[in-house]
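Engineer:
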Amino acid sequence: MKNNDTSRRDFLATALLAGVASGCSSNNPFDPGDNKKVPSGEMVKLLSVDGEIIEVDKAFLNPVPEVPTLTNSEERIGIEGKKFVMVIDLSRCKNVGACKVACNHAHHLNPGQNWIKIHAMEDAEHTAPYWQPTTCMHCDEPPCVKVCPVDATFKRKDGIVLIDNERCIGCRFCMAACPYSTRVFNWQEPILEEKIATQHYSCETSVPQKIGTVSKCDFCPDMARKGELPHCVSACPNGVYFFGDMNEDSVTNGAETFRFSDLIKDKAGYRLMEDLGTKPRVYYLPPVNRNFPFESGLEKDTTEKNNSK
Amino acid sequence: METSTTLTNEIITNDLLPQKFGKRGMIWTGILIAFCVVGAFAYYMQLKNGLSVTAMRDYVSWGIYISNFVFFVAISLVGSLITAVFRLANVKWSTPLTRIAEIIAVSAIFFASLIIIVDMGRPERLFNLFVYGRLQSPIMWDVIVITTYFFISLLLLFFPLLPDLKILISSKEVLGKSFSKLYRFLGSFWKGTRLQDKLNKRAVNILCIIIIPVAFCIHTVTSWLFATTYRPGWDSTNFGAYFISGAFLVGAGGVLVAMYVFRKVYALEKYITTLHFDKMGRIVVLLALLYLYFNVNEYLVPAFKMKKSEEAHLTGLFTGEYAPLFWFAILAGMIIPIFILIFKRGRNPLPAFIAGILVVVGAWFKRFLIVTPTLLHPFLPMTDVPESYKHYFPSWQEWAIAMGSLAGALLVITFFARIFPIIPIQETINEQHETGNK
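Same order as they appear, the protein sequences are chains A and B. Heads up: take any position in the first sequence, counting from 1, add 1, and you land on the numbering used here. Heads up: take any position in the second sequence, counting from 1, add 440, and you land on the numbering used here.
Shown next as structure tokens:
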């Protein structure tokens, strides 16, 4: 409001109208900021929305400030008409870890923090071992959301469970409640580049991380809004991850697209710890007819361990 | 009748009026303050550097702060036991112990809420609990019920204090002017009229009735913080009763310890007699047996089945990493005190005091064993985390803060006993009149 009032004094009438029309946000993109600008006489040619070429004095050109396109309440509702789902094909996983690297990079996670964890699993003594990547399960009955005292972690209509790091009080009850141990805590001030650290925080990007709060895999809703796949899905060289929409009944890993229900039916998909009743949104395809032997991923695993020590 | 007891009244009053700290008192207070200062410094470091100064990590995300919290909540149950349960059951001998129990309850519950704030990653956002608080979270239940319990306990401490305040105001010469101002601020409206007396008695009775369900709630809700999760070791229907019985035990043990200390330091042998130790000792035996019973339920039943998810947790406790601590907590916290206190000679002040200490120390480690080992046994393996995440031993900052909070609770009790009579004067006088003996 205040910005609009000051701009009223001596700026162009068109800018004023646009400013009023655009609402009362303090991040008003039409706000000229410094309103004592003197025309420089140097004109710049621009393409208008109608496709005409117009000229504007250079002095009146402002860089477009980075504007948050979504409000917190919009982020809490989710993307209209979607029901996101993930399928992880265990027969394709070789513990390459590209998913993890891409995820860590995209979300600026600190060393030691991983939202994706690739477990070496063996269900019983004589059963076959396999690699099992785990993300957040985005449960339909999320134990973490139930126990959060301040609604800092919440379930959206599109099925994604997110965390609002500006509300989280750091009680870590959600970490105790999550049976999949997917949650990560920022024990210290995250080491971030200046540019990232000062960025506007959004629950959808989960960037920048904040000290004393919980974080976890978020299914990359910011990518979904752009119509793109989560980072782990596009980074995996073996096409382990499939991401999609249950309403459309399709999932894709970028190269192949399947009808979700057929894929789950044909390959006998299942979910982790079904007996707990958390109803995860991540489905697994059993590690049968494998593309790689389990041992081929072991090398990667041992180097990982050495690095962490 | 009036004349025959006047002398006794004076003696009682003189015996029970708060006394200045002696040399021992000064040293004791000094040590406690030193602990608190070190704890406060450690907390300052934690505020500055984040929770990374603790040894807690993603798997053990609750450590000795939370076990300390559970311990404080547990020991605070004693207030309702000694004051409310005994008063409603018309148990007269507990009168000298009521105030000791109440002040333990008040200071413990106060530090329980403080330690929770210490455990928070973002303590400055505490107000979010009130702005965005959601009732389906067991944490909110805990916030509500702890606040309620704190205020009821405070009132249960204050109302029975009113008649004594009158005595304190009138004995200004003995106590000095500085305290007298405080006494007048707190209790100058108290004239001791019959109407006031009646009102006070009714108020205390009502509080005693209310505090019992609230006390059961606070322990049950605290147990639900754990039991509402899926984790092995916490996923138990036994937890509410288990916590309540454990809380009764540690509270009674705490009173045994406090009785002995106050009796020694303030020379209260006439008021806290061997009879009291005998009776409290019997109660502790009963409560220890009860808690032992719930422990058998808690561990034997899952151990008999040895489900896969429970296996690592239980073997860790029985024979593994936590076995020394586990068996210490069972032996020191329950079995040895039972063996000491079951014999008449064991219920003498000194052995009873030792049993009380064992109960309290065992209980503190028991709380640690309830919180931590479970977190080290998640359903999925610990993968892709640094080595330090797979073990937990508290950092010095955690120890300092935990010990500081314990010292703080003792400090509150110490100062309270310095300012107010730790044994109710008026009630003792009244009871002397009623029974007419001594």
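Note that beta-carbon positions come from the ideal geometry of N, C-alpha and C, so glycine has one too.
1) Between I586(B) and I544(B), which are expected to be in contact by the criterion C-beta below 8 Å, what is the C-beta distance as a whole number of angstroms?
2) Could you compute how far the alpha carbon of P231(A) sits from the alpha carbon of F244(A)?
3) By the criterion of Cβ-Cβ separation under 8 Å, what are the contact partners of N115(A) in chain B?
4) Measure the Cβ-Cβ separation of C137(A) and T206(A) and say whether it is below 8 Å.
5) Would you please state the rounded distance, in angstroms, between the beta carbons of A795(B) and P777(B)? I believe it to be under 8 Å.
6) Anything in chain B within Cβ reach of H120(A), meaning under 8 Å, just list it in chain order.
7) Quick check: the Cα distance between L47(A) and D58(A), rounded to an integer number of angstroms?
8) In this structure, how does DSSP classify Q210(A) when only helix, strand and coil are distinguished?
9) Would you call the segment 132 to 149 of chain A in contact with the segment 276 to 285 of chain A, where contact means no fewer than 3 C-beta pairs closer than 8 Å?
10) Name the residue from P191(A), G240(A) and S235(A) whose alpha carbon lies nearest to the alpha carbon of S216(A).
11) Could you list which residues in chain A have their beta carbon closer than 8 Å to that of R574(B), in chain order?
12) Which same chain residues end up closer than 8 Å to N290(A) when comparing Cβ atoms and leaving out the 5 residues on each side of it in sequence?
13) Compare the Cα-Cα distances from N96(A) to each of T823(B), G721(B) and E867(B) and report the closest residue.
14) In three-state DSSP terms, what is H106(A)?
15) When you compare only the Cα positions, how much space is there between K211(A) and N187(A)?
16) Under 8 Å, CB to CB, which of the residues in the segment 92 to 106 of chain A have a partner in chain B?
17) Going along the chain, which residues of the segment 151 to 183 of chain A sit with their C-beta nearer than 8 Å to a C-beta in chain E?
18) Quick check on I119(A): does DSSP put it in helix, strand or coil?
19) With the cut-off set at 8 Å, would you say F499(B) and Y829(B) are in Cβ contact?
20) For the segment 462 to 534 of chain B, list the alpha helix (DSSP H) runs that are entirely contained and at least 4 residues long, ordered along the chain.
21) Tell me the DSSP bridge mates of W132(A)?
22) In whole angstroms, give me the CA-to-CA distance for W502(B) and P818(B).
23) Do you know offhand how far V518(B)'s Cα is from S620(B)'s?
24) Would P70(A) be called buried (16 or more neighbouring beta carbons within 10 Å of its own) or exposed?
25) Under 8 Å, do R787(B) and D718(B) count as touching if we go by C-beta distance?
26) Given this structure, state the Cα-to-Cα distance separating P30(A) from I651(B), to the nearest angstrom.
27) So, at 7 Å on beta carbons, what are the nonlocal neighbours of T523(B) in its own chain, with the 5 sequence-adjacent residues on each side left out?
28) CA-CA distance, M699(B) and I712(B)?
29) Does the beta carbon of L689(B) sit closer than 8 Å to a beta carbon anywhere in chain A?
30) Between S26(A) and chain B, is there a C-beta pair that is closer than 8 Å?
31) Going by CA-CA distance only, name the one from S547(B), N737(B), G773(B) and L602(B) that's closest to F641(B).
32) Which same chain residues, not among the five before or five after A504(B), have their C-beta less than 7 Å away from its C-beta?
33) Does K95(A) come out as helix, strand or coil in the three-state DSSP assignment?
34) If you draw a straight line from the C-alpha of F598(B) to the C-alpha of F591(B), how long is it?
35) Under the three-state reduction of DSSP, which class applies to K156(A): helix, strand or coil?
Structural biologist: Based on what the coordinates show:
1) So it is not a contact: roughly 16 Å between Cβ atoms.
2) 8 Å
3) D824 and V825
4) no
5) 4 Å
6) L820, P821 and T823
7) 10 Å
8) coil
9) yes
10) P191(A)
11) C149, P150, V151 and D152
12) S92
13) T823(B)
14) helix
15) 7 Å
16) K101
17) This model lacks chain E altogether; the protein chains it does include are A and B.
18) strand
19) Correcting the residue identity first, residue 499(B) is Tyr in this sequence and not Phe. Yes. Within cutoff.
20) 463 to 489 and 504 to 515
21) A121(A)
22) 13 Å
23) 30 Å
24) Correcting the residue type first, residue 70(A) is Thr in the shown sequence and not Pro. Exposed, because fewer than 16 other Cβ atoms sit within 10 Å of the Cβ of T70(A).
25) yes
26) With a pLDDT of 49 at P30(A), under the threshold of 50, the modelled position of that residue is not reliable, and no figure is offered here.
27) T538, A541, E542, L596 and C648
28) 7 Å
29) no
30) With a pLDDT of only 44 at S26(A), under 50, the local geometry of the prediction cannot be trusted, and the value read off the model is given with reservation. Not closer than 8 Å to any Cβ of chain B, the Cβ of S26(A) fails to qualify, so no.
31) Before going on, a small fix: residue 641(B) reads as Lys here, not Phe. Nearest C-alpha to K641(B): L602(B).
32) For the sequence presented, residue 504(B) should be read as Ile rather than Ala. Hits under 7 Å: F808, P834, E838 and A842.
33) coil
34) 10 Å
35) strand
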